[in-house]
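S.K.: Per our numbering, residue 21 is the first one in the sequence shown, and the count goes up by one each step. Just so you know, even glycine gets a beta-carbon here, dropped at the ideal spot from N, CA and C. Structure incoming, see below.
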Amino acid sequence: MAQTIRRGGKGVRRVAAQRGAKAKVQTARKQTGSAIGHVMRVQPFSEETLHRIMLTAILATAAVTVWTVANIAGVPALAEAQVARMAHGAGFDVKRVEVRGVRRMSEQTIYEKVLGQRDQAMSRVDVAALRETLLTLPWVKDARVSRQLPDTLVVDVVERTPHGVLRKGDQLMLIDETGHELEPVSQARAKGMFVLSGDGAAARVPDLNRLLDAAPALKPQVAEAEWIGNRRWNLTFKTGQVLALPEGEDEAAAALLEFARMDGVNRLLGGKVSSFDMRAKDRTYLLVPGHSDEMAQEQRDKVAAKAKAKAAAAAAKTKE
């Protein structure tokens, strides 16, 4: 039987190589399919959910890309400007400023900070930045700025409360309960107010308040407090008498309590003693004005009486 031999046919080696490559591809497909199937079986959601997650991630990436390009091109700024023009055309401009909560400070100070917003579109007023500006004012403890459409900015202010007067050289400065400086005051205006003095005293006001709270019966009678050597307090009462307290918060509080006890028993305040020194742990030193002079006079009187008696005795002996 005759055989037909085709010319140009594939060689044996070539056929074998193609079969080997095909086998490898099929093996790889089986392994890949097996791996993907394993992942799909392990994951806590369905294949449809996975597709949604991937779609969402793709859309989010696209959105970020668009927003970045828009920012570079200045699109948000153009949009904001357009909104501002529309607000202006509709009458939504700042025409009025309403200030609330001001009792002690000058309202004019608030208006000076806010009136720069006049005639601006409401959408362009940065209320957060305006609030931060108001918080730099000495009297402002807190503030809130809000828009009241169509044309009003409302400023609500929480003022600081005056606590006393800080003596700084020849100047008197009004302070709050934290030692924060509010404004200079005259001697006449400061009359009758609690006075604080001494280097670094303003920063110690909260400590002083806690100290005086330890003896509530004495607290209303304290007129001045001086921070001595950045270590301790001297308290001056309304009677003009001075109490020197020891160093240390606990030691000073204990001494003040002991003084309150002694005053309750012996009525020290308003008496002859001008100063009380409680810096020593086991004793209190009292200073009575003129007491040393009295003692000296008594000593002189004793010496004179002895001399007179001696002279009288000598005269009587001579007569005999």
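Determine contact between the region 230-240 and the region 186-193, defined as no fewer than three beta-carbon pairs at a distance below 8 Å.
M.R.: Output reads no: the region 186-193 does not touch the region 230-240.
S.K.: CB-CB under 8 Å to V178, same chain, minus the five flanking residues each way: which ones, in chain order?
M.R.: Counting only Cβ-Cβ distances below 8 Å, and skipping sequence neighbours, we find G121, V160, K161, D162 and A163.
S.K.: What residue from L288, W253 and V293 has the CA that sits closest to V215's CA?
M.R.: Here the closest residue by C-alpha is W253.
S.K.: Tell me the start and end of each unbroken beta strand (DSSP E) in the region 243-322 that is at least 3 residues and wholly inside, in chain order.
M.R.: Taking only runs of at least 3 residues, the beta strand (DSSP E) segments lying wholly in the region 243-322 are 252-257, 262-264, 295-297 and 305-307.
S.K.: Is the separation between the beta-carbon of V147 and that of S166 shorter than 8 Å?
M.R.: Yes, Cβ-Cβ distance for V147 and S166 is below 8 Å.
S.K.: Hey, S295 and A245: beta-carbon distance below 8 Å or not?
M.R.: No, the Cβ-Cβ distance between S295 and A245 is not below 8 Å.
S.K.: Return the residue from the list Q128, E271 and D297 that minimises the CA-CA distance to L154.
M.R.: Per the Cα distances, Q128.
S.K.: Among the candidates G199, E203 and T81, whose CA atom is the shortest distance from the CA of P226?
M.R.: Ranking the options by Cα distance to P226, first place goes to G199.
S.K.: Start and end of the beta strand (DSSP E) containing K188?
M.R.: Here the beta strand (DSSP E) through K188 covers P182 to K188.
S.K.: For V59, which residues of its own chain have a beta-carbon under 6 Å away from its beta-carbon, when the five flanking residues on both sides are left out?
M.R.: Reliability fails at V59, whose pLDDT of 47 lies under 50, so the model's placement of it is uncertain and the value that follows must be treated cautiously. Cβ neighbours of V59 beyond the five flanking positions: none.
S.K.: Would E12 pass as a contact of P170 if the rule is Cβ separation under 8 Å?
M.R.: This structure does not reach residue 12, given that the chain is present from 21 up to 340, and the question cannot be answered.
S.K.: Note down, one range per segment and in chain order, each alpha helix (DSSP H) of at least 4 residues found wholly within the region 156-234.
M.R.: As far as the region 156-234 is concerned, its whole alpha helix (DSSP H) runs of at least 4 residues are 207-210 and 225-233.
S.K.: On the DSSP bridge assignment, give the partners of D113 in chain order.
M.R.: Paired residues: A141.
S.K.: Per DSSP, R151 forms a beta bridge with which residues?
M.R.: DSSP lists no partner for R151.
S.K.: Please report how far the alpha carbon of R299 lies from the alpha carbon of E267, in whole angstroms.
M.R.: The alpha-carbon atoms of R299 and E267 are separated by roughly 8 Å.
S.K.: Quick check on V84: does DSSP put it in helix, strand or coil?
M.R.: Three-state result, V84: helix.
S.K.: Please report how far the alpha carbon of R281 lies from the alpha carbon of A208, in whole angstroms.
M.R.: Straight-line Cα distance between these residues: approximately 35 Å.
S.K.: Kindly identify the DSSP beta-bridge partner or partners of R120.
M.R.: DSSP, once it has assigned bridges, lists D176 as partnering R120.
S.K.: Please determine, among V285, V114, L135 and V242, the residue with the shortest C-alpha to C-alpha distance to T259.
M.R.: Of V285, V114, L135 and V242, the residue nearest in Cα terms is V242.
S.K.: Would E197 and N229 qualify as a contact pair, given that the criterion is a beta-carbon distance under 8 Å?
M.R.: A contact, by the Cβ cut-off of 8 Å.
S.K.: Taking DSSP as the reference, what is the three-state secondary structure of P240?
M.R.: Helix, per DSSP.
S.K.: Shortest alpha-carbon distance to G136 belongs to which of N286, K115 and E278?
M.R.: The shortest C-alpha separation from G136 is found at K115.
S.K.: Could you work out which residue in R124, A149 and S143 is closest to V134 when comparing CA atoms only?
M.R.: The option with the nearest alpha carbon to V134 is A149.
S.K.: Looking only at its chain, what residues have a beta carbon closer than 7 Å to the beta carbon of Q140, apart from the 5 residues adjacent to it on each side?
M.R.: Here the set comprises D113 and V114.
S.K.: Roughly how many angstroms lie between the CA atoms of V175 and L255, to the nearest whole one?
M.R.: Approximately 41 Å between the Cα atoms of the pair.
S.K.: Using only the alpha-carbon positions, how far apart do P309 and R124 sit?
M.R.: So the two alpha carbons sit approximately 43 Å from each other.
S.K.: Applying the 10 Å Cβ sphere with the 16-neighbour rule, what's the burial state of L277?
M.R.: With fewer than 16 Cβ atoms within 10 Å of its Cβ, L277 is classed as exposed.
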